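A.B. asks: Sharing a structure below in structure tokens format, with a few things to ask.
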Amino acid sequence: MEIKEKLLLGQTSLGIEFGSTRIKAILIDDQQKLLADSSYQWENQLVDGFWTYSQDAIIEGLQTCFTHLKAAVKDQYGVTLTKIGQIGISAMMHGYLPFDAEGNLLVPFRTWRNNNTTEAAKLLTDEFHFNIPERWSIAHLYQAVLDSEPHLYELDFMTTLAGYIHWLLSDRKVLGVGDASGMFPIDSTTQQYDKEKLMQFDKLIESKVFPWQIETVLPEVLIAGQDAGKLTQAGALLLDPEGDLEPGSRLCPPEGDAGTGMVATNSVSPKTGNVSAGTSIFAMIVLAQPLSNIYPEIDMVTTPSGDDVAMVHANNCTSDINAWVNLFYEFAQKAGSPLSLDQTYTLLFNQALEGDPNCGQLLNYGLFSGENIIQIEEGRPLLVRQPNSQFNLANLFKSQILSAFSTLAIGMELLTQNEQIEIDQLLGHGGIFTTPKVAQTILANILNIPVTVTTTSNEGGAWGMALLADYLNHADLALNEYLETIVFKEIENVTVQPEGEEVKNAKAYLSSYKLGLPIEKAAISYFKS
1 MEIKEKLLLG QTSLGIEFGS TRIKAILIDD QQKLLADSSY QWENQLVDGF
51 WTYSQDAIIE GLQTCFTHLK AAVKDQYGVT LTKIGQIGIS AMMHGYLPFD
101 AEGNLLVPFR TWRNNNTTEA AKLLTDEFHF NIPERWSIAH LYQAVLDSEP
151 HLYELDFMTT LAGYIHWLLS DRKVLGVGDA SGMFPIDSTT QQYDKEKLMQ
201 FDKLIESKVF PWQIETVLPE VLIAGQDAGK LTQAGALLLD PEGDLEPGSR
251 LCPPEGDAGT GMVATNSVSP KTGNVSAGTS IFAMIVLAQP LSNIYPEIDM
301 VTTPSGDDVA MVHANNCTSD INAWVNLFYE FAQKAGSPLS LDQTYTLLFN
351 QALEGDPNCG QLLNYGLFSG ENIIQIEEGR PLLVRQPNSQ FNLANLFKSQ
401 ILSAFSTLAI GMELLTQNEQ IEIDQLLGHG GIFTTPKVAQ TILANILNIP
451 VTVTTTSNEG GAWGMALLAD YLNHADLALN EYLETIVFKE IENVTVQPEG
501 EEVKNAKAYL SSYKLGLPIE KAAISYFKS
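All residue numbers in the sequence shown are consecutive under the UniProt record's numbering, ending with 529.
And the structure:
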């Protein structure tokens with residue numbers, strides 16, 4: 001069947017993901033092939049001390065991104081997009097969106113980026129004997145309780161950004177289990193909110209006499225492949241104000257960006273995982289058995305099908321690399337070089353594989369912000385070298401890329417060394433892996449784990465969300481079976497194995513990184529922000 005006919009019949013799936021700086025939409029056909037995509041840049045705002053995106057900005061971003069997608073379909077295939085078979089919404093996880101019984105937002109959206117919840121996160125972690133990170137929705141809610149915020153007496157429903165948009169489109173207050181696991185702890189046996197912890201939370205707040213209990217304000221939890229409603233007439237008009245889009249599209253459970261990353265890299269089976277590297281970096285490891293200890297450095301979440309996942313998250317990754325590349329690109333332009341920015345990245349990254357075993361005794365801290373894992377409260381980008389260090393391009397960029405992965409590697413040691421977790425393979429995705437094999441090789445060596453990169457690794461979470469929407473047509477299969485036997489069956493990939501001597505070199509760099517952290521702390525004290 002021709003693509004034009006598939007578009008007319010609605011044999012398509014749409015995934016839309018709201019990232020921190022970009023909203024992206026991807027439309028695929030029933031063979032999981034990319035038909036069209038679009039994106040929209042946006043930025044959060046600091047309002048009254050909270051990082052937020054306004055409701056107007058959310059709606060504008062949704063509509064503009066869809067309008068651009070419609071235009072792309074019209075330009076490429078000569079078809080007006082009127083029917084879509086399945087739709088899925090994804091967004092950055094965590095945060096706090098509370099509503100009253102009439103659907104009014106009670107306080108502006110508080111994103112995952114806010115760090116005002118330290119007290120609540122610690123108290124809940126102690127109460128639950130389960131790590132509750134500051135980003136989690138329940139930490140935001142409990143901090144509002146501790147701060148005696150008056151809006152809580154009007155609270156009727158709270159959700160994430162993905163859950164909010166899904167609600168607008170379908171009138172269903174639901175959430176995929178992966179996104180829900182960043183709101184409140186999930187019981188892996190039931191794949192629902194942990195009943196004991198729900199009761200513990202209600203007991204914590206009973207003296208406040210709120211007109212709600214925690215379970216009544218949380219969204220319903222759904223598993224990948226379950227029905228999450230249909231696109232309503234109002235939802236269709238919201239998505240497409242021009243009125244061309246017909247209602248009735250099936251919606252899959254909305255998910256968080258962690259879950260769509262797992263799907264986009266085919267890493268939803270136990271002993272597999274993925275590393276998503278961008279401005280920040282995180283590893284998602286699907287567990288074969290529960291962890292024996294609680295680690296404040298590790299979030300416990302789930303796959304979109306409800307399996308336990310250990311998440312190691314670092315706030316810094318590529319920012320310092322980008323700054324150095326831009327410096328060399330600026331020099332090249334002033335020197336009259338025809339090099340593009342992409343060519344500059346490729347040239348400098350390839351130099352990294354030529355670096356000395358010890359990076360010429362260069363030590364880099366690419367920290368633009370604080371890091372919980374290494375107990376750094378603020379960021380100070382630093383390059384440290386000795387008078388006799390071999391300061392050249394190869395060593396500089398080898399050190400840069402090793403540094404980008406170092407905090408993650410320290411967090412991963414809690415799993416591989418403390419917990420003896422076996423990891424058969426990691427899937428890498430994100431822009432840092434664009435230059436073939438460079439960052440991939442360095443990551444494999446510093447983690448001592450094989451790293452695979454696929455040809456679809458840069459499609460990102462919107463593609464993963466489109467796949468979860470398409471999965472509604474294949475829900476007779478387990479999610480991992482669908483990915484392995486249908487989606488990734490013919491997708492090309494390259495796997496890099498850790499190499500013995502380079503593993504030793506990377507570990508030596510990591511030891512130096514740990515030993516040098518007092519230098520970073522001294523820089524924080526000296527350069528007070």
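Ideal Cβ positions, reconstructed from N, Cα and C, are used throughout, including at glycine.
As the structure is a computational prediction, the values presented were derived from the model and not from experiment.
Do the stretch 494-510 and the stretch 459-469 meet, that is, are 3 or more Cβ pairs less than 8 Å apart?
C.D. replies: No, they do not touch.
A.B. asks: What residue from Leu8, Val503 and Tyr482 has the CA that sits closest to Gln32's CA?
C.D. replies: The residue with the shortest Cα to Cα distance from Gln32 is Tyr482.
A.B. asks: Which residues in the same chain as Tyr164 place their Cβ atom closer than 6 Å to its Cβ, once the five residues preceding and following it in sequence are excluded?
C.D. replies: The answer, listed in chain order, is Leu97.
A.B. asks: For Asn350, which residues of its own chain have a beta-carbon under 8 Å away from its beta-carbon, when the five flanking residues on both sides are left out?
C.D. replies: Excluding residues within five positions, the ones whose Cβ falls inside 8 Å are Thr435 and Val438.
A.B. asks: Spell out whether any CB of chain C is found under 8 Å from the CB atom of Val268.
C.D. replies: No chain C is present in this structure, which holds just one protein chain.
A.B. asks: Starting from the N-terminal side, write out each stretch of the alpha helix (DSSP H) that is 4 residues or longer and does not extend beyond the stretch 75-128.
C.D. replies: Whole alpha helix (DSSP H) segments, 4+ residues: 118-128.
A.B. asks: What does Phe18 pair with, by DSSP beta-bridge criteria?
C.D. replies: For Phe18, which the question treats as bridged, DSSP gives the partners Ile23 and Ala91.
A.B. asks: Could you round the C-beta distance between Ile87 and Trp463 to whole angstroms and report it? I think they count as a contact, below 8 Å.
C.D. replies: That belief does not hold up - the Cβ atoms of Ile87 and Trp463 are roughly 14 Å apart, past 8 Å.
A.B. asks: I think Gln200 touches Phe128, with their Cβ atoms under 8 Å apart; what is that distance to the nearest whole Å?
C.D. replies: Right, their Cβ atoms sit about 6 Å apart.
A.B. asks: Using a Cβ-Cβ cut-off of 6 Å (strictly less than) and excluding sequence neighbours within five positions of Ala91, which residues of its own chain qualify?
C.D. replies: So the list reads Phe18, Leu161 and Ala162, once near-sequence residues are dropped.
A.B. asks: Of the residues Glu149, Gln45, Tyr53 and Leu81, which one's Cα is nearest the Cα of Gln11?
C.D. replies: Per the Cα distances, Leu81.
A.B. asks: Determine the closest residue to Leu62 out of Gly182, Asn395 and Pro241, with distance taken between C-alpha atoms.
C.D. replies: Nearest of Gly182, Asn395 and Pro241 to Leu62, Cα basis: Pro241.
A.B. asks: Given a threshold of 16 other Cβ atoms within 10 Å of its Cβ, counted over all protein chains shown, does Leu222 qualify as buried or as exposed?
C.D. replies: Counting Cβ neighbours within 10 Å, Leu222 comes out buried, since at least 16 surround it.
A.B. asks: Let's test the definition: count the other Cβ atoms within 10 Å of the Cβ of Gly379 and tell me whether it reaches 16, buried, or not, exposed.
C.D. replies: Flag for Gly379 reads buried.
A.B. asks: Terminal residues of the continuous beta strand (DSSP E) containing Leu47?
C.D. replies: Strictly speaking, residue 47 in this sequence is Val, with Leu absent from that position. Taken as a continuous stretch (DSSP letters only), the beta strand (DSSP E) holding Val47 covers Gln45 to Val47.
A.B. asks: At the level of alpha carbons, what is the spacing between Ile132 and Phe433?
C.D. replies: If you take the alpha carbons of Ile132 and Phe433, they lie about 31 Å apart.
A.B. asks: Following the continuous alpha helix (DSSP H) through Ser525, name the residue where it begins and the one where it ends.
C.D. replies: Leu517 to Tyr526 is the extent of the alpha helix (DSSP H) around Ser525.
A.B. asks: Could you give the residue range of the alpha helix (DSSP H) that holds Leu443?
C.D. replies: Looking at the DSSP string, the run of the alpha helix (DSSP H) that includes Leu443 is Val438 to Leu447.
A.B. asks: How long is the line joining the alpha carbons of Asp308 and Leu327, rounded to whole angstroms?
C.D. replies: Whole-angstrom Cα-Cα distance: 42 Å.
A.B. asks: Whole-angstrom Cβ separation of Leu169 and Leu239, contact assumed at under 8 Å?
C.D. replies: Their Cβ separation, rounded to whole angstroms, is 6 Å, which keeps Leu169 and Leu239 in contact under 8 Å.
A.B. asks: Under a Cβ-count criterion, where at least 16 other Cβ atoms within 10 Å of its own Cβ denotes burial, should His166 be classed as buried or exposed?
C.D. replies: By the neighbour-count rule (16 or more Cβ atoms within 10 Å), His166 is buried.
A.B. asks: Considering Cα atoms alone, identify which of Gly430, His94, Gly431 and Leu426 is closest to Ile449.
C.D. replies: That would be Leu426, whose Cα lies nearest to the Cα of Ile449.
A.B. asks: Determine the closest residue to Arg22 out of Asp37, Gln41 and Gly15, with distance taken between C-alpha atoms.
C.D. replies: Minimum Cα distance to Arg22 is reached at Gln41.
A.B. asks: Using 8 Å as the Cβ pair cut-off and three pairs as the minimum, do the stretch 353-368 and the stretch 316-327 touch?
C.D. replies: Output reads yes: the stretch 316-327 touches the stretch 353-368.
A.B. asks: Leaving out five residues before and five after Tyr329 in sequence, what residues of the same chain have Cβ atoms less than 8 Å from its Cβ?
C.D. replies: These residues qualify, in order along the chain: Leu339, Leu341 and Thr344.
A.B. asks: Taking all protein chains shown into account, decide if Leu515 is buried (16 or more other Cβ within 10 angstroms of its Cβ) or exposed.
C.D. replies: Looking at its Cβ environment, which holds fewer than 16 other Cβ atoms inside 10 Å, Leu515 is exposed.
A.B. asks: Check whether the Cβ atoms of Ile214 and Val145 lie closer than 8 Å to each other.
C.D. replies: Cβ distance not < 8 Å, so Ile214 and Val145 don't count as in contact.
A.B. asks: If you follow the alpha helix (DSSP H) that Gln333 is in, where does it begin and where does it stop?
C.D. replies: It spans Ser319 to Lys334 - the alpha helix (DSSP H) in which Gln333 sits, taken as one unbroken run.
A.B. asks: Which two residues bound the contiguous alpha helix (DSSP H) that contains Thr344?
C.D. replies: Leu341 to Ala352 is the span of the alpha helix (DSSP H), which, as asked, contains Thr344.
A.B. asks: I'd like the span of the alpha helix (DSSP H) that includes Ile223, first residue to last.
C.D. replies: Segment: none, Ile223 is in no alpha helix (DSSP H) and carries neither H nor E.
A.B. asks: Give every residue of the same chain whose Cβ lies closer than 6 Å to the Cβ of Ser399, excluding the five residues on either side of it in the sequence, and list them in chain order.
C.D. replies: Only Cys359, Leu362 and Asn364 meet the Cβ criterion.
A.B. asks: Out of Phe50, Tyr77, Leu35 and Pro150, state which residue places its alpha-carbon closest to the alpha-carbon of Thr117.
C.D. replies: It is Phe50.
A.B. asks: Using the three-state DSSP reduction, which class does Gly259 fall into: helix, strand or coil?
C.D. replies: Gly259 falls in the helix class under three-state DSSP.
A.B. asks: Who are the near neighbours of Leu105 in its chain, counting only those whose CB is closer than 8 Å to its CB and skipping five residues on each side?
C.D. replies: Only Gln55, Leu97, Pro98 and Phe99 meet the Cβ criterion.
A.B. asks: Rounded to a whole number of angstroms, what is the C-alpha to C-alpha distance between Arg250 and Leu468?
C.D. replies: For Arg250 and Leu468, the distance between alpha carbons rounds to 12 Å.
A.B. asks: Whole angstroms is fine: what's the gap from Ala466's alpha carbon to Ser13's?
C.D. replies: If I take the Cα positions, the gap works out to 6 Å.
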